[in-house]
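Asks:
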Amino acid sequence: MNRTIIAILLALGFSCGANSQSLTRQQMLEDYDYLVSFVEENYAPFDAIMQKGYKREYKALKKQLRKQLSKGEADLVQTATDYVLWFHSQFDTHIFLVEEVFQRAVANLDNETMTKADSTLLTNPGNFEYEPKPVSCKVDSLTWLIRVPSCEQDFYDGTVNALQQFMESDCENLIIDIRSNGGGGDNVWEKYYDLLYDHPCKPEISWHRNTPKNLLFWKDVLKLQPSSTWDLQLIETCEASKKKFVKLGESDNNRQPTSRVKRAAVLIDLMTASAAESIVKFVKKHSERCKVYGICNTNGCDLTGNCRIDSLPNSKLKFLYATSIDSDFYEKDFSTEGLGIPPDVIIPLPFPRKLTDNIDEWVLWVAEYLKR
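Laid out in structure tokens, this is it:
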């Protein structure tokens with residue numbers, strides 16, 4: 024599934040809420056009602072979430088928030104933040120309000136998760152240089168490191184070239200470091216899938232939530248690649264269909280195991296998101312030689328994709344949401360498993376103080392672990 028990079032929010036910039044402050048109470052209520060109706064009609068996981076037993080909690084929440092807004096106990100920005108955060112914090116981080124207040128709320132949640140995973144952050148939070156850059160090099164005589172900080176198109180060639188360098192080396196173990204990788208396009212992993220594949224599994228199906236608003240996503244894609252017959256056929260199928268969901272595709276099991284890699288590792292952190300989570304899902308399902316290493320789950324937008332942005336009619340506040348959903352979403356128990364994908368192996372080390380283009384202590388620990 025094509026997944027939208029979380030970092031797109033930073034490129035858009037965050038509104039300061041000034042527009043909402045000049046609105047009348049009635050206009051704020053109109054915006055809130057629009058947001059609720061829009062999510063219920065267009066947000067791909069909404070029905071699945073309700074089917075999982077959250078209907079009563081959700082109805083109470085949206086009623087309470089509207090009451091607070093109508094009484095002037097909260098403004099529109101805070102009300103919209105609380106509403107969207109209910110989905111974002113429990114089920115899918117692909118839904119996001121493009122607003123500074125929301126960003127701070129998410130940062131607080133992330134800080135809580137990270138400090139639970141690494142208590143040293145509580146006692147010594149400063150002096151971190153955590154900005155991963157592309158790396159392709161030997162760690163030791165047996166192990167090669169490929170660090171992929173993004174799945175954006177600009178990183179595609181470098182990611183493929185890095186794999187070729189490993190193939191030409193005499194190393195038998197491979198570390199794929201995707202810490203802080205916020206996503207992009209999951210096509211960057213195709214050659215990696217071929218190298219790490221061991222066995223088939225139950226195919227994963229992705230579904231498009233078929234509404235006029237959601238179809239705008241694929242129409243925009245078609246504008247960027249007008250020669251794509253697949254996009255055109257999908258649009259025509261959706262327009263002709265009365266079904267609530269239209270099948271986008273199915274995961275591919277038609278691969279052949281290779282013997283080039285003896286053992287492999289994928290390094291994750293809380294910021295591993297979206298398309299970066301695709302390779303984590305793949306090795307969990309299809310690989311015995313490759314395991315996932317870290318100290319906390321990935322970000323949690325691994326089961327939705329194809330995101331677009333809409334805005335509220337009066338305040339023009341923007342929000343991001345997923346138009347498609349994977350079949351695994353229906354099977355996951357969020358109440359016990361939480362958001363994201365857990366590591367197979369817990370690294371018994373704190374977060375590295377420096378992660379740029381260096382070989383850090385996590386990589387060295389995993390390289391030794393792979394030898395054992």
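Numbers 24 to 395, taken from my numbering, label the letters of the sequence shown in order.
Where a beta carbon is used, it is the ideal one built from N, C-alpha and C, also for glycine.
From a predicted model like this one, the values you see are computed outputs, not experimental measurements.
CB of F114 to nearest heavy atom of the ligand ADP: below 7 Å?
Replies: Of ligands this structure carries none, so the ligand ADP is not represented either.
Asks: Measure the CB-CB distance between P336 and Y66 and report whether it falls below 8 Å.
Replies: no
Asks: From the DSSP secondary-structure annotation, give me the bridge partner or partners of Y316.
Replies: L290 and V368
Asks: At what residues does the alpha helix (DSSP H) containing E300 begin and finish?
Replies: A298 to H309
Asks: In terms of alpha-carbon separation, which member of V100, A83, K139 and A140 lies closest to V423?
Replies: The displayed coordinates of the chain run from 24 to 395. Any statement about residue 423 would go beyond what the structure contains.
Asks: My output table needs one value for V171: the three-state DSSP class, helix, strand or coil.
Replies: coil
Asks: Going along the chain, which residues of its own chain have a beta-carbon closer than 6 Å to the beta-carbon of I332, five neighbours each way excluded?
Replies: K341 and L343
Asks: Of the residues R283, K156, K214 and T379, which one's Cα is nearest the Cα of N184?
Replies: K214
Asks: Can you tell me where the alpha helix (DSSP H) holding V475 begins and where it ends?
Replies: No information on residue 475 is available, as it lies outside the stretch 24 to 395 that the chain covers here.
Asks: Mark E300 as exposed unless 16 or more other C-beta atoms lie within 10 angstroms of its C-beta, in which case mark it buried.
Replies: buried
Asks: Please work out which residues of its chain come closer than 6 Å, Cβ to Cβ, to I199, disregarding the five sequence neighbours upstream and downstream, and give them in chain order.
Replies: I169 and V289
Asks: Tell me the DSSP bridge mates of E273?
Replies: I228
Asks: Is the segment 304 to 322 touching the segment 75 to 83, taking contact as three or more C-beta pairs under 8 Å?
Replies: no
Asks: Any idea which residues DSSP pairs G207 with across the strands?
Replies: C174
Asks: Starting from R202, trace the alpha helix (DSSP H) both ways and give me its first and last residue.
Replies: Element bounds for R202: n/a, residue is neither H nor E.
Asks: Considering only the beta carbon of each residue, do V162 and L219 sit closer than 8 Å?
Replies: No.
Asks: If we ignore side chains and look at the alpha-carbon of each, how far apart do S282 and P365 end up?
Replies: If I take the Cα positions, the gap works out to 26 Å.
Asks: Which term fits L32, buried or exposed, when burial requires 16 or more other beta carbons within 10 angstroms of its beta carbon?
Replies: Reliability fails at L32, whose pLDDT of 42 lies under 50, so the model's placement of it is uncertain and no value is given.
Asks: Once you ignore the five residues that flank K355 on each side, which residues in its own chain have a CB closer than 6 Å to its CB?
Replies: none
Asks: How would you label I441, buried or exposed, when you count the other beta carbons within 10 angstroms and need 16 or more for buried?
Replies: Summary: the structure shown does not reach residue 441, with the chain confined to residues 24 through 395, and so no result is reported for it.
Asks: Can you tell me whether K341 is helix, strand or coil according to DSSP?
Replies: strand
Asks: What do you get for D380, buried or exposed, if any count of 16 or more other CB atoms within 10 angstroms of its CB means buried?
Replies: By the C-beta density criterion, D380 is exposed, having fewer than 16 other C-beta atoms within 10 angstroms.
Asks: Start and end of the beta strand (DSSP E) containing V389?
Replies: Looking at the DSSP string, V389 is not in any beta strand (DSSP E); the run it does join, the alpha helix (DSSP H), is E384 to K394.
Asks: Could you tell me how far apart the beta carbons of L398 and L92 are, in whole angstroms, since I believe they sit closer than 8 Å?
Replies: Since the first and last residues shown for the chain are 24 and 395, residue 398 lies out of range.
Asks: Would you list the one or two residues that DSSP bridges to K139?
Replies: Bridge partners of K139: none, in fact.
Asks: Under the DSSP definition of a beta bridge, which residues are partnered with C160?
Replies: L168
Asks: Kindly identify the DSSP beta-bridge partner or partners of E152.
Replies: K377
Asks: Count the C-beta pairs between the segment 166 to 182 and the segment 205 to 212 that are closer than 8 Å, then say yes if the count reaches three, no if not.
Replies: Counting Cβ pairs under 8 Å, three or more are found: they touch.
Asks: Rounded to whole angstroms, what's the CA-CA distance from R263 to R312? Just pull it up for me.
Replies: The sequence shown places Ala at residue 263, rather than the Arg named in the question. Roughly 45 Å between the two C-alpha positions.
Asks: Measuring only the C-alpha atoms, how far is F114 from Y353?
Replies: 11 Å
Asks: Quick check: the Cα distance between D367 and P68, rounded to an integer number of angstroms?
Replies: The alpha-carbon separation between D367 and P68 amounts to approximately 27 Å.
Asks: According to DSSP, simplified to helix, strand and coil, what is D333?
Replies: D333 carries a strand assignment under DSSP once its states are collapsed to helix, strand and coil.
Asks: Is it right to say C174 is buried, meaning 16 or more other beta carbons lie within 10 angstroms of its own, or is it exposed?
Replies: Buried, because 16 or more other Cβ atoms sit within 10 Å of the Cβ of C174.
Asks: Report the option in A390, Y55, D141 and N329 whose CA atom is closest to the CA atom of K314.
Replies: A390
Asks: Can you tell me whether C324 is buried or exposed? The criterion is at least 16 other CB atoms within 10 Å of its CB, across all chains shown.
Replies: buried
Asks: Can you confirm whether the segment 267 to 275 touches the segment 221 to 233 when touching is taken to mean that 3 or more C-beta pairs between the two stretches lie within less than 8 Å?
Replies: yes
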